[in-house]
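Visitor: When you read off a place in the sequence shown, starting at 1, and then add 396, the result is the number in the working numbering. Idealized CB from N, CA, C, for every residue including glycine. Treat the numbers as computed from the prediction; the structure is a model and nothing was measured.
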Amino acid sequence: IEVSYSEVGIALCQRKYTLDILSDTSLSDSKPSDSPMDPLVKLDNEKGELLHDPEKYRRLVGKLNYLTITRPDISFVVSVVSRFMSAPRTTHWQAVLHIVRYLKGAPGQGLIFRDRGHLHIAGYSEPDCLEVTGYSDADWAGCPVDRRSTSGYCVFLGGNLVSWKSKKQSVVSRSSAETEYRAMANVTGELQWIHMLLVEIGFSVTSPSTLHYDNQYAMHIASNSVFHERTKNIEVDCHFVRKKVNCGELKLVHTRSEEQLADIFTKPLRSGRVSYICHQLRLYDMYAPT
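What follows is the structure, encoded as structure tokens:
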């Protein structure tokens, strides 16, 4: 991991590691892709022929997994291709090469952590420097193999991205609201952990964590004290989130779907949407020409 310091803040990237991947796959001179995955492609276990050398696939996917440390924009697509490690096919290999061609567009892209007063330990003069904000989303029944849903979230501390995740849910949800609420419970647990960590290392966190969500029904369940028959299958998650809302530790804010930053962690997106979210996630290419 390459680390750069400046007056603006600290930048992290894996440029050399990315260039090595391009070299190993003989894609250094290829045309870059403008998105990590084609939104029209649906990978399954049947299309395409089995690879003669599955170890090649596993090695490359493993390298891409390590690259997600500084490239949250490929977290979802890498999790998708990781599902086929046992018996990869030609269609899966083409999807992996598409990810590599996307990386070629900006091999030096990574995270930037801006200086917002975090080191002013005596007094914390900037009230917004410890603001914890989360975005969460889910893609209902998005996996064509088993119809399980995908949850995704990202968390900002003082405006800097500090945590993100894309993961397929462990059970099949029978409604989109059930899927969305499970995703909401997951990010609530992450927000609580970050809050506890800040308190443990000596920071005074007085304001509630903010969770941006675009599903009105899931937010209604979180604020409604009456359970209905159709919500009993997620009753534990309901109690967990509602407790955090009622005690003032969590504030739910409805956001438009166009402004939902967790979209990139749940589904493949087109280039314009990818560029917008990467900008909002504060991804920065320190090697880009000025």
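Starting from residue 505, follow its DSSP beta bridges and name the residues at the other end.
Guide: DSSP output for residue 505 lists 681 as bridge partner(s).
Visitor: Residue 428 to residue 500, Cα distance in whole Å?
Guide: If you take the alpha carbons of residue 428 and residue 500, they lie about 5 Å apart.
Visitor: Near residue 558, which residues of its chain fall below 8 Å by C-beta distance, leaving aside the five closest residues on each side in sequence?
Guide: Only 551, 552, 590 meet the Cβ criterion.
Visitor: Identify the continuous alpha helix (DSSP H) that holds residue 475 and give its terminal residues.
Guide: 471 to 477 is the extent of the alpha helix (DSSP H) around residue 475.
Visitor: Inspect the beta-carbon positions of residue 569 and residue 603 and report whether they are closer than 7 Å.
Guide: Cβ atoms of residue 569 and residue 603: not closer than 7 Å.
Visitor: Is the Cβ-Cβ distance between residue 583 and residue 506 less than 7 Å?
Guide: Not in contact: residue 583 and residue 506 (Cβ atoms no closer than 7 Å).
Visitor: Use the C-beta contact count for residue 679: other C-beta atoms within 10 angstroms, 16 or more gives buried, fewer gives exposed.
Guide: Counting Cβ neighbours within 10 Å, residue 679 comes out buried, since at least 16 surround it.
Visitor: Are the CB atoms of residue 475 and residue 562 nearer to each other than 7 Å?
Guide: Yes; because the gap between Cβ atoms is below 7 Å, this pair is in contact.
Visitor: Is residue 405 closer than 7 Å to residue 509 when the C-beta atoms are compared?
Guide: Cβ atoms of residue 509 and residue 405: closer than 7 Å.
Visitor: Tell me, please, which residues DSSP counts as bridged to residue 406.
Guide: Answer is 401, 509.
Visitor: Please return the same chain residues whose Cβ sits closer than 8 Å to the Cβ of residue 657, not counting the five positions on each side in sequence.
Guide: The residues are 531, 550, 608, 673, 676, 677.
Visitor: Identify whether residue 584 lies in helix, strand or coil by the three-state DSSP scheme.
Guide: Residue 584 falls in the helix class under three-state DSSP.
Visitor: Please report how far the alpha carbon of residue 460 lies from the alpha carbon of residue 575, in whole angstroms.
Guide: Residue 460 and residue 575: Cα-Cα distance of roughly 27 Å.
Visitor: If you reduce the DSSP assignment to three classes, tell me which class residue 536 lands in.
Guide: Residue 536 falls in the coil class under three-state DSSP.
Visitor: Output the boundary residues of the alpha helix (DSSP H) element that contains residue 414.
Guide: Per DSSP, residue 414 belongs to the alpha helix (DSSP H) from 411 to 420.
Visitor: Grab me the residues of residue 417's own chain with a C-beta within less than 8 Å of its C-beta, minus the 5 sequence neighbours each way, in chain order.
Guide: These residues qualify, in order along the chain: 456, 459, 460, 463, 496, 499.
Visitor: Bridge partners for residue 601 per DSSP, in chain order?
Guide: DSSP, once it has assigned bridges, lists no residue as partnering residue 601.
Visitor: Cutting at 7 Å between CB atoms, please list the residues of its own chain near residue 491, excluding the five before and the five after it.
Guide: Around residue 491: 433, 437, 439, 477.
Visitor: Look at the alpha carbon of residue 446 and the alpha carbon of residue 479, and state the distance between them as a whole number of angstroms.
Guide: Roughly 15 Å separates the two Cα atoms.
Visitor: With respect to the beta strand (DSSP E) encompassing residue 650, which residues constitute its N-terminal and C-terminal limits?
Guide: Residue 650 -> beta strand (DSSP E) spans 646 to 650.
Visitor: What does the Cβ neighbour count give for residue 556, buried or exposed, with the cut at 16 atoms within 10 Å?
Guide: With 16 or more other Cβ atoms within 10 Å, it is buried.
Visitor: So which of 577, 645, 612, 398 has the shortest CA-CA distance to residue 465?
Guide: Out of 577, 645, 612, 398, 398 has the C-alpha closest to the C-alpha of residue 465.
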